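Protein chains in written order, with this note's numbering: chain A, 945 to 1312; chain B, 346 to 587.
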C-alpha cells in the first residue's frame, strides 16, 4: 500500500509539472464546453431584421410591436420599397425582411386572409429556418388572440410540442456529448501517453525489474486519471448547471456511477493503446483517430444514428460512447432511473470488462 | 550448491522465432566479483541480461540468480537485484530527492531508511546544492552516478549495469568505476556489460560474447596470455574476426 501511494504521488508530480498535460486535463474541457455551449447553437437571439410595411395600419403595427418586443428579434430598419430589399441583404445588415402586403387589415377583415412574406438570408440555412419558425410562432399566437372573441371559427392549428427540451436549447444536446468526448479523451489519451512515455524513457524497464507487479504498475499509472476524470465530470456538470442553467433531472449519484463506469472503460482502452504503440506520438495518433473520430461521428453526438446508413449503424453499436450518451441523456434530460437504462448500462459494463481483460492480457504478453 | 556463486547459468538459450539470440551460454559469477560481460552490438548481451533480471523468459537451459531460479522465482530475484539500464532512467521531472524517495519506496524501504540513505547518498555524490532541483537539469555524468547509486539503494546482492558509461566523459567514467569498486568491496556483486575495452581491464573476470555464444571467459590477464595480445582490445578484435 505504501509503495502504491508513493507511485501515485510520483504520477501526480508528472501531471502537475507538465503544462501541456495540465492544459489537456483542465483547460480543454472548460474551453470545449463553453465553445459548444455558446458558439454552436441553434437558438436565435436579437436577430437583426428589416420591415417593409405597405399598409401601415393598426394590425401591422400591432404585429410589428409584438415582434419587436420579443427577445428574438430587433428591428434594425424600415424599408420603403421592394427594390431596397436586395440591397439591405447585400449589405449584410439584416438576416430577414418581413414584407406586409397592402391593405393588410382590410384583407384580414373582409377576406379573412392577409399575407405577410418572410424573406430570410439562407446563406446560413439553419438560422434562416429557425427565424422563419420563430416568426410563424409569433404570428400564430397573434392570430389566436384575434380569434378569441369569435366563436365560430373552425380552424385546425397543428401544435407541435417539444418535450424534454421545450425551449430547444441546443446546449442541452451538447453537454452530454461534450462530456463523453472529454472523459474519453482525458482517460484514454492521457493514460496511453503516460504509459508509453515511461516506455520511451526506459523507466518502464526499471519499474518491471523492481518488485512491483505489472498490474500494480498499471493501476498506479491509471489511478490518478480516474481521480482527475471524475473531477472533470464534476466541473462539466457544474458548468452546465450554473452557466447554462441546464437542470439535471435524474439522480446525480447514478450519473456519477455511470460516469465512473465509462471512465474505466476509456482507461482500459488507453492501456490497450499503450500496449500497441511504442512512442507517445503513436499513442496520441491512435487515440485521436481511433477514439475521438468515432466518438464524434458515430456516437450520435452530432449526427443522429437513425439517419446513418445501416453498416454505420451496426458499427456504432461497438462504440462505448454511444451507450454512455444514451445513458447520460436519459439521466440528465429525462430524469430516468436505472430501470430504464439498465440495458445500456449492462452493455457498457460488458465492454469495460472485455477491454480490461484484453488489455491486461496484452500487457502481460508484452513483458515476456 | 556453492554459496559463493550468486549467478549460475547453464545452457541458457533465447530464441526469437528462428533466430537464436542467446545460444546455450554457461557461466558462474562469484560473490563480490566484478564480472564484465563483453560483446559487440547485437551479440546478445542485453538479451542474456534481461533473462537474468527476470523480464524475459528463456527458452531452455538453467539459471539461478541470488539463489533463485529465473523460471520459477523471478519475483524473488527482483527483490535481490539492482538494475541500471542503457538508457538513463531516472525521472527528469522529479527532483533528486523525489527520485530517491520514489525508488526507495517501490523497493519497500521504510520512510526512515529512505531519509538516512538519501542523506548519505547526496553527501557522497556532493549533490547537496541540487538536491531539490529537477534531475533533468543535471549534467549527464551526474545523472549516471545518481542512477547507479539509486540502483544500490536497497542494498541488492547483485547489481546489473547495462553499458553504464555510454556517452560519459573519461573523468566521470573513472569516478564511476571507483563507485563500482566501492560497491564490490562492500560485497555487492557487479555484473556489467560494456564495449569499452579499457573498462574490461578493470573487471575481475570477463566473458566475451560473439553471435550469441560465449567464446572466451577468464581474467583479463589470462585472456591476454591466451590470445597473445597486448590489450583487451586486441583480444576482442581477434575473437570477433574469428
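Glycine included, every Cβ here is placed at the ideal spot set by N, Cα and C.
These figures come from a predicted structure and were not determined experimentally.
Residue i - partner residues in DSSP beta bridges
i	result
residue 437 of chain B	In DSSP, residue 437 of chain B forms no bridge with anything.
residue 1043 of chain A	A/996, A/1061
residue 550 of chain B	B/380
residue 1137 of chain A	Bridge partners of residue 1137 of chain A: none, in fact.
residue 535 of chain B	B/379, B/504
residue 429 of chain B	B/506
residue 561 of chain B	B/553
residue 1022 of chain A	A/995
residue 1017 of chain A	A/991
residue 472 of chain B	DSSP lists no partner for residue 472 of chain B.
residue 590 of chain B	The structure shown does not extend to residue 590 of chain B, since chain B is modelled only from 346 through 587, so no value can be given for it.
residue 479 of chain B	B/440
CB contact check: residue i to chain A, cutoff 8 Å
i	result
residue 352 of chain B	no
residue 361 of chain B	no
residue 506 of chain B	no
residue 488 of chain B	no
residue 430 of chain B	yes
residue 591 of chain B	In this structure chain B extends from 346 to 587, so residue 591 of chain B is not present and cannot be described.
residue 439 of chain B	yes
residue 450 of chain B	yes
residue 346 of chain B	Note that residue 346 of chain B has pLDDT 46, beneath the 50 cutoff, so the model's placement of it is unreliable and the number below is only indicative. For residue 346 of chain B, the answer is no, since every Cβ of chain A falls outside 8 Å of its Cβ.
residue 424 of chain B	yes
residue 445 of chain B	no
residue 434 of chain B	yes
residue 453 of chain B	yes
residue 378 of chain B	no
residue 467 of chain B	no
residue 611 of chain B	Any question about residue 611 of chain B goes unanswered here, given that chain B covers just 346 to 587.
residue 560 of chain B	no
residue 344 of chain B	Here chain B comprises residues numbered 346 to 587, so residue 344 of chain B is not present and cannot be evaluated.
8 Å Cβ cutoff, residue i in contact with chain B
i	result
residue 1122 of chain A	no
residue 957 of chain A	yes
residue 1155 of chain A	yes
residue 1152 of chain A	yes
residue 1219 of chain A	no
residue 1145 of chain A	yes
residue 992 of chain A	no
residue 1306 of chain A	no
residue 947 of chain A	yes
residue 1167 of chain A	no
residue 954 of chain A	yes
residue 961 of chain A	yes
residue 1247 of chain A	no
residue 951 of chain A	yes
residue 1288 of chain A	no
Buried or exposed by the 16-neighbour rule on C-beta atoms within 10 Å, applied to residue i
i	result
residue 1117 of chain A	buried
residue 1303 of chain A	buried
residue 1244 of chain A	buried
residue 499 of chain B	buried
residue 964 of chain A	exposed
residue 530 of chain B	exposed
residue 1084 of chain A	exposed
residue 1224 of chain A	buried
residue 1219 of chain A	buried
residue 1004 of chain A	buried
residue 1054 of chain A	exposed
residue 1267 of chain A	buried
residue 1182 of chain A	exposed
residue 1216 of chain A	buried
residue 388 of chain B	buried
residue 1121 of chain A	buried
residue 436 of chain B	buried
* Should the stretch 481-499 of chain B be called in touch with the stretch 515-526 of chain B, which here means at least 3 C-beta pairs below 8 Å? -> yes
Exercise for review: Please go through the stretch 1224-1249 of chain A and give each complete alpha helix (DSSP H) segment of 4 or more residues, from N-terminal end onward.
Suggested key: 1224-1231, 1237-1242
* To do: Could you tell me whether the stretch 1243-1258 of chain A touches the stretch 1184-1191 of chain A, using the rule of 3 or more Cβ pairs below 8 Å?
  => no
For the stretch 350-419 of chain B, which segments carrying the alpha helix (DSSP H) assignment without a break, of at least 4 residues, lie completely within its bounds, in sequence order? 390-397
With contact counted as at least three CB pairs below 8 Å, one residue from each stretch, are the stretch 534-543 of chain B and the stretch 503-512 of chain B in contact? yes
Contact between the stretch 1226-1244 of chain A and the stretch 346-364 of chain B is defined here as three or more beta-carbon pairs at a separation below 8 Å; is this criterion met?
no
I want to know whether the stretch 1203-1218 of chain A touches the stretch 988-996 of chain A - three or more CB-CB distances under 8 Å.
no
| Is the stretch 1164-1183 of chain A touching the stretch 1130-1145 of chain A, taking contact as three or more C-beta pairs under 8 Å? | yes
Does the stretch 465-472 of chain B come into contact with the stretch 541-558 of chain B, if we say contact requires no fewer than three beta-carbon pairs (one atom in each stretch) closer than 8 Å? no
Query raised in the report: Can at least three beta-carbon pairs, one atom from the stretch 394-414 of chain B and one from the stretch 471-479 of chain B, be found at a separation below 8 Å?
Result: no
Sufficient close CB pairs (3 or more, under 8 Å) joining the stretch 358-365 of chain B to the stretch 403-418 of chain B:
yes
Mind listing, in chain order, the continuous alpha helix (DSSP H) runs of no fewer than 4 residues lying wholly within the stretch 1252-1307 of chain A? 1254-1260, 1264-1273
task: Examine the Cβ distances between the stretch 1033-1046 of chain A and the stretch 1054-1073 of chain A and report whether three or more of them are shorter than 8 Å.
output: yes
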